[in-house]
Each structure stands twice: as C-alpha cells, then as structure tokens.
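Peer 1: Attaching a single structure in structure tokens format; questions to follow.
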Amino acid sequence: MSQKQRSARVGTLNAPPEPFVFFRRSFPSANTVLVRGDRPVLVDSGFGGDVAETERLLREARIAPESVTLIANSHYHCDHAGGNGAFQARYGTSVAAHRWEADLVNRRDPEACGARWLAQPIEPYRVVRRLSDGDLIDAGGVLLEVYETPGHTLGHLSFYEPERRVLLCGDALHADDVAWVSPFREGVGAIQRAMESVERLRELKVEWACSGHGPAIRDFRGAAEAALARYAVWLEDPRRPAWHACKRIFAYALMLEDGMDRERIRAYLSAAPWFADHARYVFGLEPEEFVEPLLAEMIRSGAAGWSGGTLRPSAPYSPPPPGWPEGPSKPSDWPTDQLAP
Numbered sequence: 001m002s003q004k005q006r007s008a009r010v011g012t013l014n015a016p017p018e019p020f021v022f023f024r025r026s027f028p029s030a031n032t033v034l035v036r037g038d039r040p041v042l043v044d045s046g047f048g049g050d051v052a053e054t055e056r057l058l059r060e061a062r063i064a065p066e067s068v069t070l071i072a073n074s075h076y077h078c079d080h081a082g083g084n085g086a087f088q089a090r091y092g093t094s095v096a097a098h099r100w101e102a103d104l105v106n107r108r109d110p111e112a113c114g115a116r117w118l119a120q121p122i123e124p125y126r127v128v129r130r131l132s133d134g135d136l137i138d139a140g141g142v143l144l145e146v147y148e149t150p151g152h153t154l155g156h157l158s159f160y161e162p163e164r165r166v167l168l169c170g171d172a173l174h175a176d177d178v179a180w181v182s183p184f185r186e187g188v189g190a191i192q193r194a195m196e197s198v199e200r201l202r203e204l205k206v207e208w209a210c211s212g213h214g215p216a217i218r219d220f221r222g223a224a225e226a227a228l229a230r231y232a233v234w235l236e237d238p239r240r241p242a243w244h245a246c247k248r249i250f251a252y253a254l255m256l257e258d259g260m261d262r263e264r265i266r267a268y269l270s271a272a273p274w275f276a277d278h279a280r281y282v283f284g285l286e287p288e289e290f291v292e293p294l295l296a297e298m299i300r301s302g303a304a305g306w307s308g309g310t311l312r313p314s315a316p317y318s319p320p321p322p323g324w325p326e327g328p329s330k331p332s333d334w335p336t337d338q339l340a341p
C-alpha cells in the first residue's frame with residue numbers, strides 16, 4: 001500500500017479517511033460530517049441560521065445538497081439538528097434520530113429538542129427513521145453502526161465505521177472538554193449514564209474520531225480517560241456540572257443574540273427555565289438572586305466579557321442572519337401537517 005493510499009484509508013489528525021469529510025464549524029453550529037458514499041449521509045445538520053454555510057460546504061465537497069439522502073442526528077439540540085427543517089423543506093431530505101427523540105419531535109411536544117427548557121429556537125422538521133442501538137445506516141458502500149450513548153441527552157447517539165475505525169461521537173465527549181450534563185433535563189443518573197457511554201466508546205478500536213465541537217480527537221482513549229476523570233469529580237460536587245451547564249447554555253444564548261445588555265440579560269434569564277432550575281435546586285437561590293453570581297462567573301472564567309455595555313461570549317461565533325427564523329421556532333408552534341405517518 002502506498003503512502004497516499006494509506007492516508008486515504010486512515011486519514012490524518014484533522015482530515016478523516018475517505019469517504020468521510022469533516023466540517024469543523026464555529027458556533028452556533030455543531031460540527032458536521034459528510035459520508036460521501038453512493039447515498040450520501042450528513043451526520044448532524046448544524047444550526048438553522050447556518051444552512052447557507054452548510055450548503056456551501058457540501059458543494060465544496062462536490063456533493064449537491066439535494067443529493068444528501070439522509071441526515072443522521074447525534075441528538076436533537078438546535079446546534080446539531082437545526083438545519084433539518086430547511087433541508088426537508090428544500091430537498092425532501094429524510095432525517096434519522098433516536099426513537100425517543102423522534103417521538104417528541106414528531107408529536108410536536110413542547111420539550112422536543114430541549115427547546116422550551118433551553119429557550120433555544122429550532123425550525124420544524126420530522127423524523128422519518130427511528131434509530132436504536134445496533135442499527136446500521138447505509139451511505140452506499142459505507143455502513144455506520146449506531147451506538148446509544150446517553151448522558152448529554154437520553155437519546156444521544158454515536159456512529160462508528162469499523163472498517164476505517166472512524167467514530168463520530170457527537171457530544172458524548174470532546175477532544176479537550178465534555179458537554180454539559182443536567183439532571184433537570186436528562187434525569188437522575190445523567191452523569192453516570194454519560195460515564196457508561198464513554199466507557200463503552202473507549203473499548204472501540206478508533207483511528208480517527210471527532211465530536212460535535214472543536215477539533216478532531218487526536219488521542220481518543222486519552223480524551224475518554226480525561227472525560228471519565230472529570231465526570232467522577234462532578235459526582236462528588238453537583239455544583240461543578242451546574243456551573244458548567246449554566247456557562248455553556250448562557251454563552252450560547254449570548255451568541256444567538258450577538259450579545260446582551262444588562263436589561264436584556266435580566267429579561268432573558270428571568271424567563272429561562274434552565275436558569276430557574278439551577279438557581280433554585282442547585283444553588284438554593286431565587287432566580288433574581290442568581291443573576292449577578294452567574295455574570296461574575298462568566299467574567300471570571302473567561303466565558304464572556306463586557307464590550308461597552310454589552311456582554312458577549314468569548315468563543316468564536318457568527319450570529320444568526322437578520323430575519324432568521326422566518327417561521328415558527330418552538331416545537332409547540334410547529335405545524336401538525338408535517339407529522340410523520
């Protein structure tokens with residue numbers, strides 16, 4: 001085997017082996033991966049306001065957006081599944097997701113996509129294929145194995161291609177971080193489930209891996225061990241995962257509004273269920289009492305900073321385009337005529 005052939009087979013640090021194409025993206029979108037088989041599959045579709053960018057990335061990879069046969073979601077948060085609706089409306093693209101998340105989406109449950117609790121917008125879509133552990137996704141000459149990896153969400157999925165030893169692990173873990181985990185959304189034992197998911201993925205033979213955010217994972221086993229160690233610390237002190245979740249969710253909200261002034265911050269936080277739950281049930285404060293501690297921690301940790309009178313997140317991001325979204329962005333308001341049969 002020549003060096004060129006081997007590179008195509010195993011990939012490099014940043015580039016996966018063919019026929020995978022890794023699109024590392026900035027917020028508010030999650031990373032997306034194209035499986036460029038005879039029936040192209042897109043793993044996660046990014047944020048709804050970034051669909052034009054998603055289409056451009058596909059064309060640069062020599063795949064017409066209309067030729068994508070399936071979007072396979074790692075989970076239903078708006079940074080991962082937000083482009084589903086536009087792809088379905090424009091191209092009739094099918095969507096596959098965990099069966100539990102599919103049920104919430106297809107019956108227009110207010111809690112679908114975590115949209116109400118997280119106060120995050122997402123455009124309407126429907127799930128055509130309900131996925132379970134052990135299912136196979138055929139991209140045309142490339143088979144992805146479906147792994148249930150709950151923790152970040154109960155219906156979180158990872159996708160593994162054993163021939164090339166490629167793992168697409170969504171928000172199960174990252175190269176140098178872990179996703180937020182909340183018992184308010186995912187139930188008691190959410191951290192333990194996240195740990196069990198990482199332990200399961202750690203046993204796979206992985207030569208190239210990527211997560212939903214950040215760079216490709218250079219040392220997957222090392223990243224898994226680091227994630228497990230951090231989760232173990234979280235189990236000893238529930239305030240640690242609470243702070244992590246609050247900073248991540250609030251920073252994302254700041255991105256979606258391209259920053260907030262103090263008046264807007266108080267209005268947003270007073271209406272955000274995630275904020276009230278953490279304030280009352282972790283920190284023992286009324287929501288209005290938790291505003292200043294959260295702002296102080298955002299500044300102390302470097303998660304955000306003041307620019308004039310506006311608080312903006314520190315991570316790179318592109319705000320949604322003007323006028324987005326044009327239609328309903330709460331699952332409870334989605335049209336029911338798009339329900340799956």
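Numbering follows the UniProt record's numbering, in which position 48 of the sequence shown is assigned residue number 48; successive positions increment by one, without gaps.
All residues carry an ideal CB built from backbone N, CA and C; glycine is no exception.
1. Ignore the nearest five residues each way along the sequence and tell me which others in aspartate 133's own chain have a CB closer than 6 Å to its CB.
2. In terms of residue numbering, what span does the beta strand (DSSP E) encompassing proline 313 cover?
3. Should glutamate 101 be labelled buried (16 or more other beta-carbon atoms within 10 Å of its own) or exposed?
4. When the Cβ atoms of the stretch 161 to 169 are set against those of the stretch 101 to 112, are three or more pairs found closer than 8 Å?
5. Going by DSSP, name the residue or residues bridged to serine 45.
6. Evaluate leucine 339 with the Cβ neighbour count: other Cβ atoms within 10 Å of its Cβ, from every protein chain shown; 16 or more gives buried, anything less gives exposed.
7. In the stretch 14 to 77, which residue ranges form an unbroken beta strand (DSSP E) of at least 3 residues, counting only runs that do not cross its ends?
8. What residue ranges within the stretch 250 to 294 form continuous alpha helix (DSSP H) runs of no fewer than 4 residues, ordered along the chain?
9. Would leucine 46 and histidine 77 be called neighbours here (beta carbons separated by less than 8 Å)?
10. Tell me which residues share the same chain as tryptophan 324 and place their Cβ nearer than 8 Å to its Cβ, disregarding the 5 neighbours each side in the sequence.
11. Taking its Cβ as the centre, do 16 or more other Cβ atoms sit within 10 Å of leucine 269, making it buried, or is it exposed?
12. Can you tell me whether aspartate 103 is helix, strand or coil according to DSSP?
13. Give the DSSP-derived three-state secondary structure of glycine 305 in the structure shown.
14. For lysine 4, is the classification buried or exposed, using 16 other Cβ atoms within 10 angstroms of its Cβ as the cut-off for buried?
15. Can you check whether the CB of alanine 96 is closer than 8 Å to the CB of arginine 62?
16. Using CA atoms only, rank isn't needed, just tell me which of Val181, Pro335, Ala172 and Ser94 is closest to arginine 239.
17. Taking the Cβ atom as the reference point for each residue, do glycine 214 and histidine 174 lie within a distance shorter than 8 Å?
18. Assuming residue 349 is part of the alpha helix (DSSP H), what are its boundary residues?
19. CA-CA distance, glycine 82 and glutamate 186?
20. As a quick exercise: from Thr336, Val206 and Pro328, pick the residue whose alpha carbon is nearest that of alanine 86.
21. Alpha carbon to alpha carbon, how far is glycine 308 from glycine 170? Give it in angstroms, no decimals.
22. Give the DSSP bridge partners of phenylalanine 159, in chain order.
23. Any idea what DSSP makes of leucine 131, helix, strand or coil?
24. For the beta strand (DSSP E) containing valine 233, name the first residue and the last one.
25. Does DSSP put serine 2 in a helix, in a strand, or in coil?
26. Buried or exposed for valine 188, please, with buried defined as at least 16 other CB atoms from any protein chain shown within 10 angstroms of its CB.
27. Can you give the Cα-Cα distance for alanine 227 and isoleucine 191, rounded to whole angstroms?
28. Taking DSSP as the reference, what is the three-state secondary structure of valine 181?
29. For glutamate 53, which of Gly37, Ser67 and Asn31 has the nearest alpha-carbon?
30. What number of angstroms, rounded off, separates the C-alpha of glutamate 207 from the C-alpha of alanine 139?
31. Report the option in Ala279, Leu58, Gly302 and Trp306 whose CA atom is closest to the CA atom of proline 293.
32. Using a Cβ-Cβ cut-off of 7 Å (strictly less than) and excluding sequence neighbours within five positions of valine 198, which residues of its own chain qualify?
33. Please list, in chain order, all residues of the same chain as leucine 131 whose beta carbon is under 7 Å from its beta carbon, the five residues on each side excluded.
34. Flag this pair as yes or no: are the beta carbons of proline 19 and glycine 37 separated by less than 8 Å?
35. For alanine 175, which of helix, strand or coil comes out of DSSP?
Peer 2: With the given structure in hand:
1. Residue 133 sits at position 133 when you count from the first residue of the sequence shown. The residues are Glu148.
2. Here residue 313 is taken as the residue at index 313 of the sequence shown, counted from 1. Here the beta strand (DSSP E) through proline 313 covers 310 to 313.
3. Counted from its first residue, the sequence shown places residue 101 at position 101. With 16 or more Cβ atoms within 10 Å of its Cβ, glutamate 101 is classed as buried.
4. no
5. Residue mapping note: residue 45 aligns to position 45 of the sequence shown, counting from 1. Bridge partners of serine 45: none, in fact.
6. Along the sequence shown, one-based indexing puts residue 339 at 339. Caution applies to leucine 339, whose pLDDT of 49 falls short of 50 and renders its modelled position unreliable; the value that the coordinates give is listed next. Classification for leucine 339: exposed.
7. 20 to 23, 32 to 35, 41 to 43 and 70 to 72
8. 262 to 271 and 273 to 281
9. Position 46 of the sequence shown, counted from the first residue, corresponds to residue 46. Position 77 of the sequence shown, counted from the first residue, corresponds to residue 77. Per the sequence presented here, residue 46 reads as glycine, with leucine not at that position. No; because the gap between Cβ atoms is not below 8 Å, this pair is not in contact.
10. Position 324 of the sequence shown, counting from 1, holds the residue named residue 324. Once the five neighbours on either side are set aside, the close Cβ partners of tryptophan 324 are Gly48 and Gly49.
11. What you label residue 269 is simply residue 269 of the sequence shown in a count that begins at 1. Buried is the call here.
12. Along the sequence shown, read from residue 1 onward, the residue named residue 103 stands at position 103. Looking at aspartate 103 - three-state DSSP - the assignment turns out to be helix.
13. What you label residue 305 is simply residue 305 of the sequence shown in a count that begins at 1. Here glycine 305 sits in strand by DSSP.
14. Counting from 1 along the sequence shown, the entry for residue 4 is found at position 4. Bear in mind that a pLDDT of 40 at lysine 4, under 50, signals an unreliable position, so the model cannot answer this.
15. Residue numbering aside, residue 62 sits at position 62 when the sequence shown is read from its first letter. Residue numbering aside, residue 96 sits at position 96 when the sequence shown is read from its first letter. Not closer than 8 Å, so no.
16. Mapped onto the sequence shown, residue 239 falls at position 239. Closest by alpha carbon: Val181.
17. In the sequence shown, the residue the question calls residue 214 occupies position 214. In the sequence shown, the residue the question calls residue 174 occupies position 174. Yes. Within cutoff.
18. With the chain running from 1 to 341 in the structure shown, residue 349 is simply not present.
19. For the purposes of this step, residue 82 is taken as residue 82 along the sequence shown, with counting starting at 1. For the purposes of this step, residue 186 is taken as residue 186 along the sequence shown, with counting starting at 1. Rounded to whole angstroms, glycine 82 to glutamate 186 spans 20 Å at the Cα level.
20. Within the sequence shown, numbered from 1, the residue matching residue 86 stands at position 86. Checking every option, the nearest Cα to that of alanine 86 belongs to Pro328.
21. Along the sequence shown, read from residue 1 onward, the residue named residue 170 stands at position 170. Along the sequence shown, read from residue 1 onward, the residue named residue 308 stands at position 308. About 36 Å.
22. The count along the sequence shown starts at 1 and reaches residue 159 at position 159. Beta-bridge pairing links phenylalanine 159 to Val146 and Leu168.
23. Taking the first residue of the sequence shown as position 1, residue 131 is located at position 131. Leucine 131 falls in the strand class under three-state DSSP.
24. On the sequence shown, position 233 is the one that residue 233 refers to. Element bounds for valine 233: not the beta strand (DSSP E) but the alpha helix (DSSP H), 220 to 236.
25. Looking up residue 2 in the sequence shown gives position 2. Since pLDDT at serine 2 reaches only 38, below the 50 mark, its modelled position is unreliable, and no value is offered.
26. Numbered from 1 along the sequence shown, position 188 holds the residue referred to as residue 188. Exposed.
27. Here residue 227 corresponds to residue number 227 of the sequence shown, with the count starting at 1. Here residue 191 corresponds to residue number 191 of the sequence shown, with the count starting at 1. Near 11 Å, if we compare the C-alpha coordinates of isoleucine 191 and alanine 227.
28. Mapped onto the sequence shown, residue 181 falls at position 181. Valine 181: coil per DSSP, three-state reduction.
29. Here residue 53 corresponds to residue number 53 of the sequence shown, with the count starting at 1. Closest option to glutamate 53, Cα to Cα, is Asn31.
30. Residue 207 sits at position 207 when you count from the first residue of the sequence shown. Residue 139 sits at position 139 when you count from the first residue of the sequence shown. Their backbone Cα atoms lie some 20 Å apart in a straight line.
31. In the sequence shown, counting from the first residue as 1, residue 293 sits at position 293. Closest option to proline 293, Cα to Cα, is Ala279.
32. Looking up residue 198 in the sequence shown gives position 198. If we look at valine 198 and ignore the five residues flanking it on each side, its Cβ neighbours are Ala172, Leu173, Ala224, Ala227 and Leu228.
33. Here residue 131 refers to the residue found at position 131 of the sequence shown. Excluding residues within five positions, the ones whose Cβ falls inside 7 Å are Ala96, Ala97, His98, Arg99, Val146 and Leu157.
34. Stepping through the sequence shown from its first residue, residue 19 is reached at position 19. Stepping through the sequence shown from its first residue, residue 37 is reached at position 37. Yes, the Cβ-Cβ distance between proline 19 and glycine 37 is below 8 Å.
35. Numbered from 1 along the sequence shown, position 175 holds the residue referred to as residue 175. Coil.
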